[in-house]
Structures are given as structure tokens and as C-alpha cells.
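All letters in the sequence shown, in the order written, are residues 119 to 294 by our numbering. Where is the CB? At the ideal position from N, CA and C, for every residue including glycine. Below you'll find the structure, written out as C-alpha cells, and then a few comments.
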Amino acid sequence: MKKGAILFMMVLITSFGFSQSKDNRDESGRHLKPAGLNKFYGTWKYEGHGDVFTIVLTKDEYYNKNSGDKLDFAVGYHSYKRDGVMIDGYDVGGNNTITTGSFDKKVNNENILSFRFRETKNRVNARGTLTYVKGKPDKLIFKLVLSEGGGMISIDGKGGQYKLHVPNNIELKRVK
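What follows is the structure, encoded as C-alpha cells:
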């Protein structure tokens, strides 16, 4: 219950900062639909040097039972294969490894989606962005930063340098 409430508050606070958001009211509460979020939904892929990295993003809604408010955000999963062998992620329809995708009020740009990312190999969390390439509506730049920052992270109680097992700073192309 607390985890859901924290998730809702984090996404809700981010979304309130946007004048672009539509606030559709009815008797049951508000339905916050950040404008521009729909363009990120779909399947995106990077291929190069034997690597195939795919992300699938869909719409999700968080419903707050207390207030009756609903909030749209992006969720999804990733798949990373090298020479046809799964390195990280899920093949089809796996657990969400990309969550709370919304717009950061500090950035105030509907062409940059911020999200949380979870690597499956060592269950490492990162913060990420998907940024539209100017003038190219079917291309995004995928970028991750470790949540614990600076490449220093603790896995199973052991600290040290850590390198993510997925490609980073790559250009993804829309597949569908």
C-alpha cells in the first residue's frame, strides 16, 4: 500500500508541474493525461555490432482510491540480446523494467520522457530518459544513469564500480 502511494505521489507531483496536462474531471475525481505522452508508446529498437536492444512502452493508469484521481504514465519492458543470446530483460511481455514514465517538471519538455529502469541481471535500478531526436519523429535517444550515481553501487552488500549490462546513449528507431 505504501509503495503504491509513494509511486502515485511521485508521478502526481511530476505531472502537476505541466500546463500541457489535460485535467478531465468527473464525479469520481480527476484523470490526468499528460499531453505528448502518447508519442512514446510503442516498440523501439537499436541494432548494431550483434546487439539488439528493444523497449516496449505502453500506457498505464494509477488509480488513487482515496481521492478518485487517475494518472496516466508509461510503463514497459526491455530485451537485450547479443548475437541472439539474451543478456538482460524479457523476450515478450515480461515484467515491467521501465516504470513511472512521465515528464519531469524541472526539464519542462514534452520531448523528454523520464522513467525508472531496472536491469534484470543484478536487479540494479537506474534513472533514464528517452529524448526525441529533433526533426526525426521516429527516433529516440535512450540514456541511463545509475540511481546510486557515479557508477558506484552496492550489489548484494558489496560495493564497487558497476557497468550496466544494457547499451546506453543509443539511438532507438520506432518499430511499431
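Cβ neighbours of residue i in the same chain (closer than 7 Å, five flanking residues each side left out)
{"i": "S185", "result": "G147"}
Residue i versus residue j - alpha carbon distance
{"i": "I216", "j": "L290", "result": "15 Å"}
{"i": "G246", "j": "G219", "result": "9 Å"}
{"i": "I273", "j": "K239", "result": "Here I273 scores only 48 on pLDDT, less than 50, and its place in the model should not be relied on; the value that follows carries that caveat. I273 and K239: Cα-Cα distance of roughly 11 Å."}
{"i": "L231", "j": "K157", "result": "10 Å"}
{"i": "L248", "j": "G168", "result": "22 Å"}
{"i": "T176", "j": "L264", "result": "23 Å"}
{"i": "V293", "j": "P255", "result": "12 Å"}
{"i": "K257", "j": "F171", "result": "14 Å"}
Test item: CB-CB of residue i and residue j under 7 Å
{"i": "K233", "j": "P152", "result": "Correcting the residue type first, residue 233 is Phe in the shown sequence and not Lys. No, the pair does not count as a contact, with Cβ atoms beyond the cut-off."}
{"i": "G207", "j": "S197", "result": "yes"}
{"i": "H283", "j": "I205", "result": "yes"}
{"i": "N213", "j": "V193", "result": "no"}
{"i": "N227", "j": "Y250", "result": "no"}
Span of the beta strand (DSSP E) around residue i
{"i": "P255", "result": "K254 to L264"}
{"i": "D178", "result": "D169 to Y181"}
Spatial neighbours of residue i in its chain, beta-carbon cut-off 8 Å, leaving aside the 5 residues before and after
{"i": "S139", "result": "Confidence at S139 is low in this model, with a pLDDT of 42, below 50, so its placement is unreliable and no value can be given for it."}
{"i": "N287", "result": "I259, F260 and K261"}
Beta carbon proximity, residue i to chain D, threshold 7 Å
{"i": "G211", "result": "Considering every chain present, this structure includes no chain D. It has just one protein chain."}
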